[in-house]
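Just below is one structure, and these are the notes that go with it.
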Amino acid sequence: SYQQKIREYDNRLEQIDTYFPIVKELLPIAEQCREVGFTEELTRRVVSLQPVEFKGRLYSKEHKEKFRTEHSTATVERNPQEKGKFRLCIDGMPILEWFKMKFQELKEKLGVSHTQKEENKPKRGLRL
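To convert, note that position 90 of the sequence shown is 90 in the UniProt record's numbering; the numbers rise steadily by one, no gaps.
Below is the structure:
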């Protein structure tokens, strides 16, 4: 019956939580891998705690931007700030910091970075 199936699945999930607690801890990392653009295969390798080399573009929903890399390594490490949690790292830094760095590089490349002096300059424009 339907209820019996649900009980079996609940029991199975309970066993996984009991005997493989790391699965619960790594699920958010797997979701994050998929969200930023890793394939299922790369995600599988990352959450098996192997360093994974890759190239391509990763999507940051914070910046609504894809950032390109020619050669990077994805790893999963224990999060020192949160006991029992993991974090996804790119080239040895937490992915959110990596995205910030890439965003900064992009802004500099596009000449968007403002210094304090530039902001205080009078605006030169057309005056009528």
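C-beta: ideal position from N, C-alpha, C; glycine also.
These figures come from a predicted structure and were not determined experimentally.
Helix, strand or coil at residue i according to DSSP, with G and I counted as helix
i           : result
residue 80  : coil
residue 118 : Reliability of the predicted coordinates at residue 118 is poor, the pLDDT of 47 falling under 50, and no value is obtained from them.
residue 55  : strand
residue 88  : strand
residue 66  : strand
Contacting residues, own chain, Cβ-Cβ under 8 Å from residue i (five flanking each side not counted)
i          : result
residue 33 : 42, 43, 46, 47, 74 and 88
residue 57 : 37, 66, 67, 68 and 69
Inter-residue CB distance, residue i and residue j (contact presumed, cutoff 8 Å)
i          : j          : result
residue 65 : residue 38 : Rounded, the Cβ-Cβ distance is 17 Å, inconsistent with contact.
residue 49 : residue 23 : That pair is no contact at about 12 Å.
residue 86 : residue 25 : 6 Å
CA nearest to the CA of residue i, picked from the options
i           : options          : result
residue 107 : 58, 12, 7 and 63 : 63
residue 84  : 29, 100 and 14   : 29
Cut-off 7 Å between Cβ atoms - residues of its own chain near residue i, not counting five sequence neighbours on either side
i          : result
residue 91 : 72, 73 and 98
Inset, instruction - Starting from the N-terminal side, write out each stretch of the alpha helix (DSSP H) that is 4 residues or longer and does not extend beyond the stretch 16-57. - result: 21-36 and 40-47
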